[in-house]
Amino acid sequence: QQPVQSPQAVILREGEDAVINCSSSKALYSVHWYRQKHGEAPVFLMILLKGGEQKGHDKISASFNEKKQQSSLYLTASQLSYSGTYFCGTEIPTSGTYKYIFGTGTRLKVLA
Amino acid sequence: DTEVTQTPKHLVMGMTNKKSLKCEQHMGHRAMYWYKQKAKKPPELMFVYSYEKLSINESVPSRFSPECPNSSLLNLHLHALQPEDSALYLCASSQGWGVRDYYGYTFGSGTRLTVV
Numbered sequence: 001q002q003p004v005q006s007p008q009a010v011i012l013r014e015g016e017d018a019v020i021n022c023s024s025s026k027a028l029y030s031v032h033w034y035r036q037k038h039g040e041a042p043v044f045l046m047i048l049l050k051g052g053e054q055k056g057h058d059k060i061s062a063s064f065n066e067k068k069q070q071s072s073l074y075l076t077a078s079q080l081s082y083s084g085t086y087f088c089g090t091e092i093p094t095s096g097t098y099k100y101i102f103g104t105g106t107r108l109k110v111l112a
Numbered sequence: 001d002t003e004v005t006q007t008p009k010h011l012v013m014g015m016t017n018k019k020s021l022k023c024e025q026h027m028g029h030r031a032m033y034w035y036k037q038k039a040k041k042p043p044e045l046m047f048v049y050s051y052e053k054l055s056i057n058e059s060v061p062s063r064f065s066p067e068c069p070n071s072s073l074l075n076l077h078l079h080a081l082q083p084e085d086s087a088l089y090l091c092a093s094s095q096g097w098g099v100r101d102y103y104g105y106t107f108g109s110g111t112r113l114t115v116v
């Protein structure tokens, strides 16, 4: 049930673009994206709720496909501050309620 | 105040010790969470409190005991831990719980626990 992210790791030069994918075998209720820097708390980036939705701010954007089984995070003109591990997350129905789980993670390193 | 504060930041404990982790938020969030994170792995959900009541226990061993004294505080009591319990323990909060939480979760910076 855990969403699978790809790639597992990526290294970029400043100014390059990256795409991180989050896939599930079943439709997702929603997708959250987080970035976690080493030794720090995960920081919420954005949430997507509807199939076909796209949103973003600054140079980071995300999409949610129509079937709600895949989301992609787009990092444009990457900066050193983009380095970290990116997680997607979603709510999984369980025992009449929901629990929130994270995807497998993607480690991103931006080099000067 | 838009932070979740966790104390202590680091903790080393023996397998026979009893210790507690603390988490505090003043954002008026009604759901609070404990996650465990091993190195290079995603956070794993342990417990969910909603409106100060335990809503989810992810089959966590009884040596971990959560407590929510009020809507702003969340504790995790530790007793007789094993070395494999060494990890980063993250607390988080959100406005509500379940779907349609538009603002995501706010995480604390965690307590790095080492069991010796």
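Taken in order, these protein sequences are the chains called A and B.
At position 103 of the first sequence (counting the first as 1) the number is 103 in my numbering, and the numbers step up by one without a gap.
At position 4 of the second sequence (counting the first as 1) the number is 4 in my numbering, and the numbers step up by one without a gap.
Note that CB positions come from ideal geometry on N, CA and C, so glycine has one too.
Residue range of the beta strand (DSSP E) that includes residue i
i, result
"Pro93 of chain A", "84-94"
"Thr111 of chain B", "111-115"
"Tyr103 of chain B", "No beta strand (DSSP E) contains Tyr103 of chain B, which DSSP labels as neither H nor E."
"Leu28 of chain A", "Run containing Leu28 of chain A: none; DSSP gives neither H nor E here."
"Thr106 of chain A", "106-111"
"Leu12 of chain A", "9-13"
"Gly14 of chain B", "Here Gly14 of chain B belongs to no beta strand (DSSP E), and DSSP marks it neither H nor E."
"Tyr51 of chain B", "Counting along the chain, Tyr51 of chain B falls outside any beta strand (DSSP E), and DSSP gives it neither H nor E."
"Leu49 of chain A", "Segment: none, Leu49 of chain A is in no beta strand (DSSP E) and carries neither H nor E."
"Met32 of chain B", "31-37"
Own chain partners of residue i with C-beta closer than 6 Å, once the 5 adjacent residues on each side are dropped
i, result
"Ala80 of chain B", "Arg63"
"Ser94 of chain B", "His29, Ala31, Asp101, Tyr105"
"Ser55 of chain B", "Val48"
"Ser72 of chain A", "Val19, Asn21, Ser63"
"Gln1 of chain A", "Ile92"
"Ala92 of chain B", "Tyr33, Tyr105, Phe107"
"Glu58 of chain B", "Leu45, Met46"
"Arg112 of chain B", "His10, Leu88"
Three-state secondary structure (DSSP) of residue i
i, result
"Leu80 of chain A", "helix"
"Pro43 of chain B", "coil"
"Glu84 of chain B", "helix"
"Pro3 of chain A", "coil"
"His57 of chain A", "strand"
"Arg35 of chain A", "strand"
"Pro61 of chain B", "coil"
Own chain, CB closer than 7 Å to residue i, minus 5 neighbours either side, in chain order
i, result
"Lys19 of chain B", "Leu11, Met13, Leu78"
"Lys38 of chain B", "Ala87"
"Cys68 of chain B", "Met32, Tyr49, Glu52, Leu74"
"Glu24 of chain B", "Thr5, Ser72, Leu73"
Other residues of its chain near residue i: CB distance less than 8 Å, five sequence neighbours each side excluded
i, result
"Met15 of chain B", "Ala80, Leu81, Gln82, Pro83, Val115, Val116"
"Lys67 of chain A", "Ala27, Gly51"
"Ser6 of chain A", "Ile20, Asn21, Ser23, Thr106"
Identified DSSP bridge partners for residue i
i, result
"Leu73 of chain A", "A:Ile20, A:Ala62"
"Lys22 of chain B", "B:Thr7, B:Asn75"
"Lys99 of chain A", "A:Ile92"
"Ala41 of chain A", "Answer is none; Ala41 of chain A lacks a bridge partner."
"Cys91 of chain B", "B:Trp34"
"Pro66 of chain B", "B:Leu76"
Contact test: residue i Cβ vs the ligand MN heavy atom, cutoff 7 Å
i, result
"Ala27 of chain A", "What this structure holds is no ligand at all, so the ligand MN is not there to describe."
Please confirm if the region 30-49 of chain A is in contact with the region 61-72 of chain A, defined as three or more CB-CB distances below 8 Å between the two stretches.
yes
Answer yes if the region 46-59 of chain B comes into contact with the region 23-33 of chain B, meaning at least three C-beta pairs across the two stretches below 8 Å, and no otherwise.
yes
Could you tell me whether the region 70-90 of chain A touches the region 68-78 of chain B, where touching means 3 or more Cβ pairs closer than 8 Å?
no
Please confirm if the region 8-17 of chain A is in contact with the region 101-109 of chain A, defined as three or more CB-CB distances below 8 Å between the two stretches.
yes
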